[in-house]
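Take 2 as the starting number for the sequence shown in the working numbering and just add one per residue.
Glycine included, C-beta positions come from ideal geometry on N, C-alpha and C.
Values in this document were obtained by computation on a predicted structure and should not be read as measured data.
The block underneath contains the structure these notes are about, expressed in structure tokens.
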Amino acid sequence: MEDLTAQGGTVATAAGPSGSQPLAPSMSAARPGLTSRRPTSAQLLCLATLGSVAAASAWILAAALTAGHGLDHTDEGLYLLSYRWWNTDLRTFTGAQFVYGPVFQLLGHNVASLRLVRVLTIIGASAAFGWSFMRWLRIRRPNAPATRWWEAAGTTAIVACAGMSYSWLPLSPGYNDLSLLGGLLAAAVVLRMAAEVELGRAIPAWLALSTGPLVFAMLIAKWASSALTLLVVAVVAVVMIAPGGYRQMVRLVVLALASFVLTIVAVQLFLVRLDQAIPLMLSTNKLIAAGSNSPESLLLMYRLRFGELITRMAQEHWVLLSVTLIALLIRDRVGPKATAVVLVAAAAAAARSCWILVAGGALTGGNANIPKYSVAPTLVIATTLIVALGALLDWRRPTGQASSLRREGWRGAAMVALLLLLPFTQAAGTGNPIYYMAFNCFPPFAALIIFVLTGIEATPRAARAITATAAAGAVVLSASIATSGLLLHPYRVPAPSLTTAHASGVPALSSVTLTPEKAAGYSQLARLVGPYLKPGGGTYMMGFDGLPGVIFALDGRSVGEGWYSARDRRRTAAGIRAACPGGKGPWGSRPPILVFSRKVSGSEIRALKACGLTFSRDYRQLASASQTMGLTVYVGTAELAAHEKSMQ
Numbered sequence: 002m003e004d005l006t007a008q009g010g011t012v013a014t015a016a017g018p019s020g021s022q023p024l025a026p027s028m029s030a031a032r033p034g035l036t037s038r039r040p041t042s043a044q045l046l047c048l049a050t051l052g053s054v055a056a057a058s059a060w061i062l063a064a065a066l067t068a069g070h071g072l073d074h075t076d077e078g079l080y081l082l083s084y085r086w087w088n089t090d091l092r093t094f095t096g097a098q099f100v101y102g103p104v105f106q107l108l109g110h111n112v113a114s115l116r117l118v119r120v121l122t123i124i125g126a127s128a129a130f131g132w133s134f135m136r137w138l139r140i141r142r143p144n145a146p147a148t149r150w151w152e153a154a155g156t157t158a159i160v161a162c163a164g165m166s167y168s169w170l171p172l173s174p175g176y177n178d179l180s181l182l183g184g185l186l187a188a189a190v191v192l193r194m195a196a197e198v199e200l201g202r203a204i205p206a207w208l209a210l211s212t213g214p215l216v217f218a219m220l221i222a223k224w225a226s227s228a229l230t231l232l233v234v235a236v237v238a239v240v241m242i243a244p245g246g247y248r249q250m251v252r253l254v255v256l257a258l259a260s261f262v263l264t265i266v267a268v269q270l271f272l273v274r275l276d277q278a279i280p281l282m283l284s285t286n287k288l289i290a291a292g293s294n295s296p297e298s299l300l301l302m303y304r305l306r307f308g309e310l311i312t313r314m315a316q317e318h319w320v321l322l323s324v325t326l327i328a329l330l331i332r333d334r335v336g337p338k339a340t341a342v343v344l345v346a347a348a349a350a351a352a353r354s355c356w357i358l359v360a361g362g363a364l365t366g367g368n369a370n371i372p373k374y375s376v377a378p379t380l381v382i383a384t385t386l387i388v389a390l391g392a393l394l395d396w397r398r399p400t401g402q403a404s405s406l407r408r409e410g411w412r413g414a415a416m417v418a419l420l421l422l423l424p425f426t427q428a429a430g431t432g433n434p435i436y437y438m439a440f441n442c443f444p445p446f447a448a449l450i451i452f453v454l455t456g457i458e459a460t461p462r463a464a465r466a467i468t469a470t471a472a473a474g475a476v477v478l479s480a481s482i483a484t485s486g487l488l489l490h491p492y493r494v495p496a497p498s499l500t501t502a503h504a505s506g507v508p509a510l511s512s513v514t515l516t517p518e519k520a521a522g523y524s525q526l527a528r529l530v531g532p533y534l535k536p537g538g539g540t541y542m543m544g545f546d547g548l549p550g551v552i553f554a555l556d557g558r559s560v561g562e563g564w565y566s567a568r569d570r571r572r573t574a575a576g577i578r579a580a581c582p583g584g585k586g587p588w589g590s591r592p593p594i595l596v597f598s599r600k601v602s603g604s605e606i607r608a609l610k611a612c613g614l615t616f617s618r619d620y621r622q623l624a625s626a627s628q629t630m631g632l633t634v635y636v637g638t639a640e641l642a643a644h645e646k647s648m649q
């Protein structure tokens, strides 16, 4: 990696923010123009980079190896089914299919390839965010080692922490990915703009133009949380680029709006009719909102569950938190012996916390382990914030000798707010505890830890050591949680070591392997249902309840919304009736195939009646449930009779 010298590097071009000058005259004299560096700094940064690369490689390799294993027929099945019919079945609660659907089509509807696309997008977005952040932070930290290993170490650490995206979510990309990745890329744009302003340069037009497709993808996929995220990003952007002048800000706003409008026009002309899709999305979301929790109840649940997490973390790791406070209070000049005692105590406390985390399963991913592993990221963030507050409140030193954190100013504070809020805003609206989704967006938290670690020069050595340990811990826990989640506890499917068989005769699942029992079940189901499927795919089906993956496997398409909710049958029935305007369905003379994981209820019978179908007259059971994966399959009475006659 090259040095950043006054002649050729980027450090010399930046005067740095007001009040961000070297700590003392002696330090700046020892490092004139930031052209000299201690070899040990570059070596340590090189080692840190290699460690982060190894951690990132662990979860990336695990994600690549598991891309062809397993299929969740619930949430992931919904994603795949909506992508399969992305421009024809428009009754959906999210527009993620308009982003991933064309990609899935270009990939030949290959599930494993789509999962690999998710890996690449997570790497790319987190790398863009990480590099933009480190490039901006370089300007705020004029005493940083004058080597590109500094940026490389921070960027690779952030990419390694992006593995938390694989802590428990489905393997295929979904609307949560668009919200998360969009937030990271939006923050990257703001960071790049802020760096240009602080360097005294005009912001390139392409940065503003890039926001149009980004904002559209975020809003169409998950409009409520994305709107909140974009609001926070916009406020921080105004704060960061305001020093560049009013004219530049107006220019950027005009370019961003023009880009957004052009994106909408392009989508309308070349992808999907938004004037048809958006009304259907709005009506579906109204049905969901009517049967879901109110914003007040969600906020209460978020607060209570997050409070429980903080309490559990404090009870288990009070020793490390206490030692962190003591380390801030004990100044280095009390003597080498006292400093050594604090360092030993900090090491012992950190070792104790590591043991508790490992023994308690807090480094193992998977949706069943979320309450356990969430303690680990909470701990590293908490210790970092304690040190940051200690540095901010340390009034014992003159301002010129204080840590960089005390000299950040309002722009630095705005960036801290963005890093803290972004994971939570992209998670807003989830029916789970908010930290379930917030920790999936871990790169901003990793950036916050780096921000603090590089800005506490004047704090005691023990406090700096604890923060460095927290940074390393964030990388290790992210890799461990992601890798174990992928290899041991993938989302609602058996471990990859158990999924070894292909479902013969099921083209939609040709790119993935299943357990031998599940593969045989899908093969037999496809064989029995095959005579009643339309050639070329697209047979209308209804999957009661939560069976979109089964419909996808049979290359069918759903009537109404793709997700038939077990908890909200009213929503399912309303979606079916809406697909039958005038009491007539879109399937023509061939009635849709019905697949049940439960007994038929009056709700479905009435919904079918609204579509001109009488269940008792128009349907017959295809075979016993033992022959159809434990599901009850009904086909049209006339079709069944015709097929049985042809077999005689």
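Put simply, the segment 441 to 448 does not touch the segment 323 to 343. Fewer than three CB pairs are less than 8 angstroms apart. Along the segment 366 to 390, the alpha helix (DSSP H) occurs as fully enclosed runs of 4 or more residues at 371 to 374, listed in sequence order. Counting C-beta atoms within 10 angstroms of its own C-beta, Glu309 has fewer than 16 neighbours from the protein chains shown and is therefore classed as exposed. Taking Arg578 as reference, the option from Pro174, Gly125, Ser284 with the minimal CA-CA separation is Ser284. Distances from the CA of Val240 to each of Tyr533, Gln649, Gly410 were compared; the closest alpha carbon is that of Gly410. Residue pairing by DSSP puts Val636 in a beta bridge opposite Arg621. Beyond the five residues adjoining it in sequence on each side, Ile435 comes within less than 8 angstroms, by CB distance, of Tyr303, Arg306, Phe307, Phe425, Ala428, Ala429 in the same chain, given in chain order. Residue state for Leu420 is assigned as helix, using DSSP reduced to three classes. Annotation: Met165 is outside any alpha helix (DSSP H) and is labelled neither H nor E by DSSP.
Between Gln628 and Leu529, the C-beta gap is smaller than 8 angstroms, which places the two residues in contact. Rounded to whole angstroms, Ala259 and Leu229 show a C-alpha spacing of 21 angstroms. If you draw a straight line from the Cα of Ala383 to the Cα of Leu281, it comes to about 43 angstroms. Contact between the segment 148 to 160 and the segment 199 to 209 is absent: fewer than 3 CB-CB pairs across the two stretches fall below 8 angstroms.
Apart from sequence neighbours up to five positions away, the residues of its chain that approach Met135 with a beta-carbon distance below 6 angstroms are Glu152, Gly155, Thr156, ordered along the chain. Assigned with DSSP and collapsed to three states, Leu310 falls in helix. Rounded to whole angstroms, the separation of the alpha carbons of Thr325 and Glu317 is 15 angstroms. Annotation for Val388: Thr325, Leu329, Val453, Ile457, Thr460, Ala464, Ile467, Thr468 place their beta carbon closer than 7 angstroms to its own, counting only its chain and skipping 5 residues before and after. Going by DSSP, Val560 is part of no alpha helix (DSSP H) at all; its letter is neither H nor E. In terms of Cβ geometry, Val343 and Gly69 do not form a close pair [threshold 8 angstroms]. Distance from the CA atom of Arg116 to the CA atom of Trp319, rounded to whole angstroms, is 40 angstroms. The beta-carbon separation of Asn441 and Met165, rounded to 6 angstroms, stays under the 8 angstroms limit for a contact. Per DSSP, reduced to three states, the secondary structure at Ile594 is strand. Comparing C-alpha distances from Gly245 to each of Leu288, Val198, Leu555 shows the shortest one belongs to Val198.
Between Leu91 and Pro491, the gap from beta carbon to beta carbon reaches 8 angstroms or more. Between Leu275 and Gln269, the gap from beta carbon to beta carbon is short of 8 angstroms. Met542 is bridged by DSSP to Ser559, Ile594. In the DSSP assignment, Leu515 is bridged to Ala502. Counting every other CB atom within 10 Å of its CB across the protein chains shown gives Gly603 a total below 16, marking it as exposed. Here Pro444 is not near Ser226, since their CB atoms are 8 angstroms or more apart. Rounded to whole angstroms, the gap between the alpha carbons of Thr484 and Met314 is 23 angstroms. With respect to Gly362, Ser168 sits apart: the two C-beta atoms are not nearer than 8 angstroms.
Taking the Cβ atoms as the reference, Gly637 lies roughly 15 angstroms from Pro587, outside the contact range of under 8 angstroms. In this structure, Trp224 is the residue among Ala348, Val417, Trp224, Leu421 with its C-alpha nearest to the C-alpha of Asn177.
Between the segment 188 to 195 and the segment 57 to 64 there are fewer than three inter-stretch CB-CB distances shorter than 8 angstroms, so the stretches are not counted as touching. The shortest CA-to-CA distance from Val273 to any of Arg412, Val237, Tyr84, Ala369 is the one to Tyr84.
Taking the Cα positions, Gly336 is about 41 angstroms away from Ala163.
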